[in-house]
Amino acid sequence: MSSKDLIAAPAKAVILSLLLSGESYGYQIIKRVRRVSGGTLEWSNAMLYPVLHQMEREGLIRAEWKTSPENRMRKYYTLTERGAAELAEEKARWRDVQAAIRKLLGPKPAAE
Amino acid sequence: MAKFDLEQALAGWKKTLRRNPALEDGQAAELEAGLRDEIEELIAGGSDPETAFCAALAAMGSAGDAGPEFYKARRTRRSRRPPWQAPRFVPALVWSYFQVAWRKIRRQKGYAFINIAGLALGLACSILMILWISQERRFDRFHVNRDSIYRLVQETRNETSTILDARAATPTGPAVQAELPEVAEFCRYRTNNSYGVLRGDNILFDAVIGIADPNFFTMFTFPFIKGDPRTALKEPKSIVLTESMARTLFGGEDPLGKTVNVGFEPFAVTGLIRDVPETSHLHFACVIPIINMREYHHIDFANWNSMYFNCYVQLKPGAVPAETAAKMSGILQKNLAKADVFLRLQPFRDIHLKSDFVFDLDNYAQASASTLTLFSTAAAVILLLACINFMNLATARSANRAKEVGMRKVTGARRSDLVKQFLGESVVLAFLGLGLALLILWAILPSFNALSGRSLFLGSLFKPGLLSAVIGVTVFSGLLAGGYPAVYLASFEPARVLKGSIIGRGRGHASLRKGLIVLQFGLTAFFIFGTIAVDKQLRFIRAKNLGFDAQQVVVTSISGSGLKDALLADPRIQSASQSMAPGSALRAAAEVSWEGKTPGNNAQFFPYKVDPDFLVIFRAEMAEGRFFARETASDRTEAAVVNETASRVLGPGSAVGKRISMTDLSIQGRMETRTYTVIGVMRDFHQDSLHHAIEPIIFTNNGEEGPWLNLRINSIVVKNAIPFIEKTWKSFNRFPSRPFRYSFLDERIDSFYKQDRRTRSILGIFTVLALFTAGLGLVGLAAFIAEKKTKEIGIRKVLGASTGGIVVMQAREFLAWILAANVIALPVAYLAAGSWLRGFAYRVNPGIAPALISAAVSLLIALLSVIFKSVQAARTNPAQSLRFE
Chain Z
1 MSSKDLIAAP AKAVILSLLL SGESYGYQII KRVRRVSGGT LEWSNAMLYP VLHQMEREGL
61 IRAEWKTSPE NRMRKYYTLT ERGAAELAEE KARWRDVQAA IRKLLGPKPA AE
Chain C
1001 MAKFDLEQAL AGWKKTLRRN PALEDGQAAE LEAGLRDEIE ELIAGGSDPE TAFCAALAAM
1061 GSAGDAGPEF YKARRTRRSR RPPWQAPRFV PALVWSYFQV AWRKIRRQKG YAFINIAGLA
1121 LGLACSILMI LWISQERRFD RFHVNRDSIY RLVQETRNET STILDARAAT PTGPAVQAEL
1181 PEVAEFCRYR TNNSYGVLRG DNILFDAVIG IADPNFFTMF TFPFIKGDPR TALKEPKSIV
1241 LTESMARTLF GGEDPLGKTV NVGFEPFAVT GLIRDVPETS HLHFACVIPI INMREYHHID
1301 FANWNSMYFN CYVQLKPGAV PAETAAKMSG ILQKNLAKAD VFLRLQPFRD IHLKSDFVFD
1361 LDNYAQASAS TLTLFSTAAA VILLLACINF MNLATARSAN RAKEVGMRKV TGARRSDLVK
1421 QFLGESVVLA FLGLGLALLI LWAILPSFNA LSGRSLFLGS LFKPGLLSAV IGVTVFSGLL
1481 AGGYPAVYLA SFEPARVLKG SIIGRGRGHA SLRKGLIVLQ FGLTAFFIFG TIAVDKQLRF
1541 IRAKNLGFDA QQVVVTSISG SGLKDALLAD PRIQSASQSM APGSALRAAA EVSWEGKTPG
1601 NNAQFFPYKV DPDFLVIFRA EMAEGRFFAR ETASDRTEAA VVNETASRVL GPGSAVGKRI
1661 SMTDLSIQGR METRTYTVIG VMRDFHQDSL HHAIEPIIFT NNGEEGPWLN LRINSIVVKN
1721 AIPFIEKTWK SFNRFPSRPF RYSFLDERID SFYKQDRRTR SILGIFTVLA LFTAGLGLVG
1781 LAAFIAEKKT KEIGIRKVLG ASTGGIVVMQ AREFLAWILA ANVIALPVAY LAAGSWLRGF
1841 AYRVNPGIAP ALISAAVSLL IALLSVIFKS VQAARTNPAQ SLRFE
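Keeping their order, the protein sequence lines are chains Z and C.
Residue numbering for the first sequence follows this note's numbering, starting at 1 and increasing by one per position.
Residue numbering for the second sequence follows this note's numbering, starting at 1001 and increasing by one per position.
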């Protein structure tokens, strides 16, 4: 698994959890992910949009073109019910993975 | 610089997005929205619009990357290939390629013939060279020690020349082994086929007897069937036989321990080996120990002036040949008390192909690497000519395929698909050519073998190495021939060609075609010139007055005393002489000193043993003084005759009366120093081939001690002369069954130039093939041009042009190219021929005539190639050619 794959793997879980707090659009998602991860997860549009479309087809999110406050067309994504359910599952899955990884690779180094 | 316009930049970017088949409109819009968000934020953060745009674009990732990602998100096909990409491989199309290629061949038989026949000729020549070279390279590869064995080559220098002798002084081997720790072994070797080997009634007079040091079979690898290689030659009277020799002498019996006679002495058979492979420069039917030469040829094994054997040494691992050779030279110089002699170490693997030495007597089927290079180059050139034909015809006729290219592109073929298709076609054509080439080779190999003295056969091609070389050459020529046309054809744009125009692109290609034709005919002119120059030199040799009369002289040997008189008694024999004959192998130089010799003058003189009849029988002439007379007893021991060259070396003024003393190996094999008075100067004659300059010669009147006999046959009663000589010769012989060996002197002299005649023949054949191939190409091109100009010709005729005028108009252009080719090629050919001619001490100046002839020949060939189609075109009734206008 390349580091690019490693960054993309949790994308679904991350997007779902971000949308839990309300509707958002592509660029905002990228910015938030960057901020929350302290720069570790640097997503590009080219990576993000295909994932969003995939999730939309799976019915996890819903997309809608709206006019932005700056008076531009922008596609906003909101969480569906199915998405909320999926999020819970994803969370559990990632916690398991996290626990397993931590056990395998040792505890986190002291400094934050 | 214009101000950066963000909207314009974005518009440009959107345009590139739209080209991507994977992106749908909505997706593009969304990407744009994201990009704008990021740019705005960057500008808000203080960047100028241009920097912001670039940074945002970089963060977005390229549109090309985005496409496949989007596609992956929505793909429904099992295959990963998106539908807008053409499949890499469409089986149905392969069949169509074959169909189209076959159709092209069938519909344009003429052009296909030119291409296939040309490629076949080129490939046949190339395969022939591959076969030939591979056979030459197989020589001497079977010896286990081949990489550590070297042959000693003795070098003697004087002011004017360097003589390289394949032999080494007899004591050299033991001396270098004793003094130099890096010399592991030495082995001296020489063959003789005049002793005769017999057992009971089976006598083999022609058997080649190897004479070698006892370690011969441990140093060289000749597999033993019976006996021990280490001890087989230990005893002086032991002999090792090859299988076929043993079969001749013993039939089915086991020869080991039995006795055969070599000459008159019994030898015990101590070993039986497999027959010597054809690819061995050491070639013999049996081997006896070297020690017998003490008695057979009076070889003095301690004499450093004795040159009789080839000497091979095996070096220990880690020895540096150049250093060892330098040390060996020191040993030789010390023992000969001379400073101008050296020893070289010739690697064993070079002996077959890279030997150019005097006295290289035991180098079986020797070949020359430079001749092979010459012929390989010629073969490659012919292949190149054929490839050029293909290129020219394919690009010239590209219009015929333009629509096909257009259709294929419209229905989704990529450029690379078309390149592959066309390359495939030319490679298939090359393989058709290969088939024809193999047929040609099968037909010509027997005559080629007779011409070249080799035994090549097609079956030896079926070895992985050679087979891959042949396939490699075929594929390569297919790619070379098809490469440029493929790229050119595949570049047609469907929108233009389907509208029926490829005009505007043709000009550059037409001049390329002209360039290629100039190249073709330049190479051809080069060949023609070379062949004529070689031929001229060989004619010159044949016509040159050699200074003696070689016609009707039979060279043989004395079989018993009284033979000469018995022969002379018959009217069929005009004269006889017991002398060395002109054209005998070069002899070793003798030490000569004379009054007034300046110190440090180390000119080489060659002793020449004759009898008083020499002058008469060979019709040589005296320049000064007199020749030996039978009546003058002192002439036998005290008189010498020199040739003009020697006279010049002896100093200014007449040589007659000068006293010289000469140290030479006598016929009995002893070194003797004798003093002679010069009684005459003979006119120079060409004793050796015209490759070599005339050497200083000293004639002494002791030929009657030797085995030589020359007979001049009466030119009026030639009939049955040879049977008569043979009968008489045999009646004087101790062994009536001993074969009578003789040669005609003129044939013998002719044989000096065997290699040169071979070069002429093969070069001649290559020249004809080159001309033929180049001519074929021209025929094709002329036909095409005539076809294309049908209407032009029609209009010209309607306007009153004559048939002749039109032909001239068409031919003129071609002839200009051919003339240009000659102008470029002939000076180069002149230089090349000059360097070949420098291999002859006496040579012709190629002069202007061959240049004129080659220009004329190539012009004639070109004219013939062009004129047929031109006349046809010019004679067509304009009503026909213009009917469809």
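For glycine and all other residues, C-beta sits at the position ideal for the given N, C-alpha and C.
9 Å Cβ cutoff, residue i in contact with chain C
i: residue 26 (chain Z); result: yes
i: residue 35 (chain Z); result: no
i: residue 46 (chain Z); result: yes
i: residue 61 (chain Z); result: no
i: residue 30 (chain Z); result: yes
i: residue 75 (chain Z); result: yes
i: residue 70 (chain Z); result: yes
CA nearest to the CA of residue i, picked from the options
i: residue 1042 (chain C); options: C:1059, C:1446, C:1027 and C:1434; result: C:1059
i: residue 1603 (chain C); options: C:1053, C:1340, C:1304 and C:1027; result: C:1340
i: residue 1766 (chain C); options: C:1606, C:1382 and C:1226; result: C:1382
i: residue 68 (chain Z); options: Z:77, Z:60 and Z:19; result: Z:77
i: residue 1403 (chain C); options: C:1804, C:1864, C:1805 and C:1100; result: C:1100
i: residue 1417 (chain C); options: C:1214, C:1090 and C:1370; result: C:1090
i: residue 1237 (chain C); options: C:1300, C:1283 and C:1292; result: C:1292
i: residue 1558 (chain C); options: C:1105, C:1858 and C:1728; result: C:1728
i: residue 1779 (chain C); options: C:1629, C:1676, C:1278 and C:1863; result: C:1863
i: residue 1390 (chain C); options: C:1448, C:1115 and C:1583; result: C:1115
Close-in-space but distant-in-sequence residues of the same chain around residue i (CB under 7 Å, 5 per side omitted)
i: residue 1820 (chain C); result: 1518
i: residue 1504 (chain C); result: Note that residue 1504 (chain C) scores 46 on pLDDT, short of 50, meaning its location in the model is unreliable; the coordinates nonetheless yield the value given after this. Excluding residues within five positions, none has a Cβ falling inside 7 Å.
i: residue 66 (chain Z); result: 74 and 76
i: residue 1195 (chain C); result: 1209, 1262 and 1263
Within-9 Å CB hit, residue i to chain Z
i: residue 1025 (chain C); result: no
i: residue 1007 (chain C); result: no
i: residue 1050 (chain C); result: no
i: residue 1013 (chain C); result: no
i: residue 1055 (chain C); result: no
i: residue 1504 (chain C); result: Bear in mind that a pLDDT of 46 at residue 1504 (chain C), under 50, signals an unreliable position, so the number given afterwards is only what the model happens to contain. No, residue 1504 (chain C) lies away from the interface with chain Z (no Cβ there is under 9 Å from its Cβ).
Proximity below 9 Å, CB of residue i to CB of residue j
i: residue 1439 (chain C); j: residue 1759 (chain C); result: no
i: residue 73 (chain Z); j: residue 15 (chain Z); result: no
i: residue 1479 (chain C); j: residue 1427 (chain C); result: yes
i: residue 1618 (chain C); j: residue 1710 (chain C); result: yes
i: residue 1262 (chain C); j: residue 1225 (chain C); result: no
i: residue 1655 (chain C); j: residue 1661 (chain C); result: no
i: residue 1410 (chain C); j: residue 1494 (chain C); result: yes
i: residue 1745 (chain C); j: residue 1551 (chain C); result: yes
i: residue 1134 (chain C); j: residue 1367 (chain C); result: no
i: residue 1641 (chain C); j: residue 1650 (chain C); result: no
Cβ shell of residue i (< 6 Å), same chain only, five flanking positions each side left out
i: residue 1771 (chain C); result: 1524 and 1861
i: residue 1359 (chain C); result: 1165, 1166 and 1167
i: residue 1157 (chain C); result: 1340
i: residue 998 (chain C); result: In the structure as shown, chain C starts at 1001 and stops at 1885, and residue 998 (chain C) therefore has no counterpart that could be examined.
i: residue 1516 (chain C); result: 1388 and 1392
i: residue 1149 (chain C); result: 1312, 1314 and 1348
Residues near residue i in its chain [Cβ-Cβ closer than 8 Å; skip 5 each side]
i: residue 49 (chain Z); result: 26
i: residue 1547 (chain C); result: 1620, 1621, 1683, 1684, 1685 and 1686
i: residue 91 (chain Z); result: 13 and 17
9 Å Cβ cut-off: residues of chain Z touching residue i
i: residue 1059 (chain C); result: 30, 42, 44 and 45
i: residue 1031 (chain C); result: 26, 45, 46 and 49
Partner residues on chain Z for residue i, Cβ-Cβ distance less than 7 Å
i: residue 1034 (chain C); result: 26, 27 and 45
i: residue 1038 (chain C); result: 27
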